[in-house]
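Structure, as structure tokens:
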Amino acid sequence: MSSNDSFTIAGKTYQSRLLVGTGKYKDMVETRKAVEASGAEIVTVAIRRTNLGQNPGEANLLDTLPADKYTYLPNTAGCYTADDAVRTCRLARELLDGHNLVKLEVLGDEKTLFPDVDQTYVAAEILIKDGFDVMVYTNDDPIAAKRLEDMGCVAVMPLAAPIGSGLGIRNPFNIRTIIENANVPILVDAGVGTASDAAIAMELGCDGILMNTAIAGANNPVLMASAMRKATEAGREAFLAGRIPRKQYASASSPIDGLFF
Amino acid sequence: MNIIVNGENHTVPDNCSARFLVEILGMQNDKIAMEVNRDIVPRSQYDDFTFSENDQIEIVRAIGGGQR
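Respectively, the protein sequence lines represent chains A and B. Residue numbers for the first sequence follow the numbering used here, beginning at 1 and rising by one. Residue numbers for the second sequence follow the numbering used here, beginning at 1001 and rising by one.
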């Protein structure tokens, strides 16, 4: 891969187009090994209540994945209202010493974990005014994606399929339309199941892809992280290379001229 | 006086500071953030910030998380 195929989010340049979540791993050792195997430079973290009186000596995520090596992306997973999401982001900024980059997601219901796009708009507006760099999770809806970009989100992250579903890219045509319309990075977020799904997302022209469950939930998360890294790179290279058009019938690759029979 | 920390009642001395609470909870070396009645209390103000009766306090940390 050419070393200058980087992409930029909120003024910072990244080589890896695979972003990973840090949830659902067995322990911190597995978390670290999987994140390393993925090659990710941006890792999502969740903000949760401390366990009062239960945490002395417990391995800490921020020590496992040090800030000098990774860009943290605090997310608002688990938030169902704009208010909860804004509070979470403000706590994250305090926790991470003024860090402004956040991943906004406001969920609509527990069964689908689809985004509540109305509440997402409300939260995005407040957060952007408050100086946050907002990467926003949204539906695979080109109108919503454009509106979030126009509001000032630094990246728009349409879902491939419901969070944790592993269904892959359910709506490739919408994703492609979102990409064609966009002037900010578009990253597919959620729903990827296996390596080919990541490759398909990148072949569509996404700037990157964010996943958690597909890696952490695999039988061998570290090996799957490696597979996702390769698939993301392969998909990106295929996109840049430009695939051949699909045709119904064959087209020989050996010349007809010079046949001797 | 009573304060509510992460949803649980705690009895602390009157004029308890944010710093004192963090110390009695054994979190002085932890990377945390604090919210009191929905407003952030910056770490730089822990010495000076004192709680009032029935304050609602949230103390959070970063943990592994993806999309929930």
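A virtual CB, placed ideally from N, CA and C, is assigned to each residue, including glycine. Here the structure is a predicted model, which means the values were calculated and not measured.
Let me confirm a value: residue i is counted as buried when at least 16 other C-beta atoms fall within 10 Å, else exposed. Which label applies?
{"i": "Ala227(A)", "result": "buried"}
{"i": "Gly197(A)", "result": "A quick correction: the sequence has Asp, not Gly, at residue 197(A). So Asp197(A) ends up on the buried side."}
{"i": "Leu127(A)", "result": "buried"}
{"i": "Tyr249(A)", "result": "exposed"}
{"i": "Val1005(B)", "result": "buried"}
{"i": "Arg1068(B)", "result": "With a pLDDT of 44 at Arg1068(B), under the threshold of 50, the modelled position of that residue is not reliable, and the figure given next carries that caveat. Looking at its Cβ environment, which holds 16 or more other Cβ atoms inside 10 Å, Arg1068(B) is buried."}
{"i": "Leu240(A)", "result": "exposed"}
{"i": "Ile256(A)", "result": "exposed"}
{"i": "Ile200(A)", "result": "buried"}
{"i": "Ile244(A)", "result": "exposed"}
{"i": "Glu110(A)", "result": "exposed"}
{"i": "Gly216(A)", "result": "Before going further, note that residue 216(A) is Ala rather than Gly in the sequence given. When all chains shown are included, Ala216(A) counts as buried."}
{"i": "Thr120(A)", "result": "buried"}
{"i": "Ile143(A)", "result": "exposed"}
{"i": "Phe260(A)", "result": "exposed"}
{"i": "Val1060(B)", "result": "buried"}
{"i": "Pro1013(B)", "result": "exposed"}
{"i": "Thr1011(B)", "result": "exposed"}
{"i": "Thr44(A)", "result": "buried"}
For residue i, which residues in the same chain have their Cβ closer than 8 Å to its Cβ, ignoring the five residues on either side in sequence?
{"i": "Ala182(A)", "result": "Ala145, Lys146, Glu149 and Val156"}
{"i": "Met1(A)", "result": "Below a pLDDT of 50, predicted positions are generally treated as unreliable, and Met1(A), at 48, falls in that range; no measurement from the model is reported."}
{"i": "Asn174(A)", "result": "Asp140, Asp141, Pro142 and Pro158"}
Report the residue from the options whose alpha carbon sits nearest the alpha carbon of residue i.
{"i": "Ala218(A)", "options": "Thr13(A), Gln15(A), Lys24(A) and Asp140(A)", "result": "Lys24(A)"}
{"i": "Phe132(A)", "options": "Pro115(A), Cys89(A) and Thr120(A)", "result": "Cys89(A)"}
{"i": "Val20(A)", "options": "Ala10(A), Leu210(A) and Ile256(A)", "result": "Leu210(A)"}
{"i": "Pro66(A)", "options": "Asp84(A), Ala82(A), Arg32(A) and Leu95(A)", "result": "Arg32(A)"}
{"i": "Leu104(A)", "options": "Arg87(A), Leu96(A), Gly98(A) and Asp97(A)", "result": "Arg87(A)"}
{"i": "Glu94(A)", "options": "Pro1013(B), Ile1003(B) and Lys1031(B)", "result": "Lys1031(B)"}
{"i": "Ala195(A)", "options": "Asn220(A), Gly166(A), Ala231(A) and Asp207(A)", "result": "Ala231(A)"}
{"i": "Ser18(A)", "options": "Leu73(A), Leu52(A) and Glu30(A)", "result": "As written in the sequence, residue 18(A) is Leu, which differs from the Ser given in the question. The candidate whose alpha carbon is nearest that of Leu18(A) is Leu73(A)."}
{"i": "Ala85(A)", "options": "Leu96(A), Asn4(A) and Val106(A)", "result": "Val106(A)"}
{"i": "Tyr137(A)", "options": "Gly258(A), Val102(A) and Ile169(A)", "result": "Val102(A)"}
Spatial neighbours of residue i within its chain, please: CB distance less than 7 Å, with the 5 preceding and 5 following residues excluded, ordered by chain position.
{"i": "Thr50(A)", "result": "none"}
{"i": "Val125(A)", "result": "Note on residue identity: the sequence assigns Glu, not Val, to residue 125(A). Around Glu125(A): Met151."}
{"i": "Val154(A)", "result": "Ile9, Ala10, Asp133, Val134, Met135 and Val184"}
{"i": "Asn100(A)", "result": "Arg93, Gly131, Phe132 and Asp133"}
{"i": "Ala46(A)", "result": "Gly23, Asn75 and Ala77"}
{"i": "Gly108(A)", "result": "Phe114, Pro115 and Asp116"}
Residues in the same chain with beta-carbon distance under 6 Å from residue i, minus the five sequence neighbours each way, listed in chain order, please.
{"i": "Asn212(A)", "result": "Gly21 and Gly23"}
{"i": "Glu1035(B)", "result": "Glu1058"}
{"i": "Ala1033(B)", "result": "Val1060"}
{"i": "Gly164(A)", "result": "Thr213"}
{"i": "Glu1008(B)", "result": "none"}
Below 8 Å on the Cβ atoms is my contact criterion, and I expect residue i with residue j to pass it. Report the Cβ-Cβ distance as a whole number of Å.
{"i": "Arg48(A)", "j": "Ile1063(B)", "result": "5 Å"}
{"i": "Met28(A)", "j": "Thr71(A)", "result": "Between Thr71(A) and Met28(A) the Cβ distance is about 19 Å, and since that is not below 8 Å, they are no contact."}
{"i": "Asn1015(B)", "j": "Asn1054(B)", "result": "About 15 Å separates the two Cβ atoms, so there is no contact after all."}
{"i": "Asn75(A)", "j": "Gly1065(B)", "result": "6 Å"}
{"i": "Ile186(A)", "j": "Asp207(A)", "result": "6 Å"}
Could you check if residue i belongs to the surroundings of the ligand SAH, using beta carbon to heavy atom distance under 8 Å?
{"i": "Val106(A)", "result": "The ligand content of the structure shown is nil, which means the ligand SAH is not present either."}
Should the stretch 158-175 of chain A be called in touch with the stretch 189-200 of chain A, which here means at least 3 C-beta pairs below 8 Å?
yes
Are the stretch 25-41 of chain A and the stretch 1023-1042 of chain B touching by the rule of at least three beta carbon pairs closer than 8 Å?
no
Any contact of the stretch 221-239 of chain A with the stretch 38-48 of chain A, i.e. 3+ C-beta pairs under 8 Å?
yes
If we count Cβ pairs, one from each stretch, closer than 8 Å, do we get three or more for the stretch 1015-1025 of chain B versus the stretch 72-82 of chain A?
no
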